[in-house]
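These notes concern the structure reproduced below.
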Amino acid sequence: MDLNSVRCLTNSISRFIHLAPLDEILCKNCEELDAAVNEAREFLEKWSPRMSKILCVLQSKPFILKIQISSVKISSILCELVGSSPSTLSLSDAQFCKQESQNLKLDKVSELIEEILRSQSEGITPHADYLMSMLRTLNLTSSQELLSECIAFEKERIKAKENQTKGGLDQISCTIEFMSLHS
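As structure tokens, this is what we get:
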């Protein structure tokens, strides 16, 4: 997996923190964003193509939400700063950034997976469109890809069982059951 863009983003955020004016709140929020991006980068660096794509999506959701929340906070602060001082950045630009950050639906795939798993746990057959959308999005369209995903799930289940992670084991078991029904 090419992480050059993530590293570049992390470096840019770190540099911005040092270049930002001495606005304490802005610096604090930039540091939070920097930390969130670093956590996400570390998570991505541990990921490999042999790992479950579905579990990766579900496990990455907290990182995505942290980054989105930090982005909205920073955009709000920038709106306030731009409104109170002359700048090359216009208030409408800052407001647009804030609105875009708030409207991002980065966790659509995880919500789709969670809805499918929720339906299954309630004994309801998941909607076929949801299933197909998830499978296409994660590129799990061939029998070989589905088999690889099932194997990855089984490995994750064994690892969770060894580490005695109850919540993780429940989620993995539910997903393995789902995959075995639909592969």
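Going by full-length UniProt numbering, the first residue of the sequence shown is number 1, and it counts up by one from there. Each residue gets a CB set at the ideal place from its N, CA and C atoms; glycine is no exception.
Short of 7 Å in beta carbon distance, which residues of its chain neighbour Glu145, apart from the five on each side in sequence? Order them along the chain. Against the sequence shown, residue 145 aligns to sequence position 145. Hits under 7 Å: Asn139.
Just to confirm, is the Cβ distance from Leu58 to Ser110 under 8 Å? Here residue 58 refers to the residue found at position 58 when the sequence shown is read from its first residue. Here residue 110 refers to the residue found at position 110 when the sequence shown is read from its first residue. In contact: Leu58 and Ser110 (Cβ atoms closer than 8 Å).
How should Ala128 be labelled, buried or exposed, when 16 other C-beta atoms within 10 angstroms of its C-beta is the threshold for buried? Position 128 of the sequence shown holds residue 128. Classification of Ala128: exposed, given that the 10 Å Cβ count is below 16.
Quick one: give me the first and last residue of the alpha helix (DSSP H) that Ser110 is part of. By one-based count along the sequence shown, residue 110 stands at place 110. Looking at the DSSP string, the run of the alpha helix (DSSP H) that includes Ser110 is Lys108 to Ser121.
Reduced DSSP secondary structure (H/G/I, E/B, other) of Ser142: Along the sequence shown, read from residue 1 onward, the residue named residue 142 stands at position 142. The DSSP-derived three-state label of Ser142 is coil.
Once the 5 residues before and after Ile113 are set aside, which same chain residues still bring their CB inside 7 Å of it? If you number the sequence shown from 1, residue 113 lands on position 113. The residues are Ile54, Val57, Leu58 and Met134.
Among residues of its own chain, excluding the 5 on either side of Glu32, which ones have a beta-carbon nearer than 6 Å to its beta-carbon? As a first step, residue 32 must be located in the sequence shown, where it is residue number 32. Only Ser70 meet the Cβ criterion.
Tell me whether Ile124 sits in a helix, a strand or coil according to DSSP, three-state version. Walking along the sequence shown from the start, residue 124 turns up at place 124. Looking at Ile124 - three-state DSSP - the assignment turns out to be coil, as it is neither helix nor strand.
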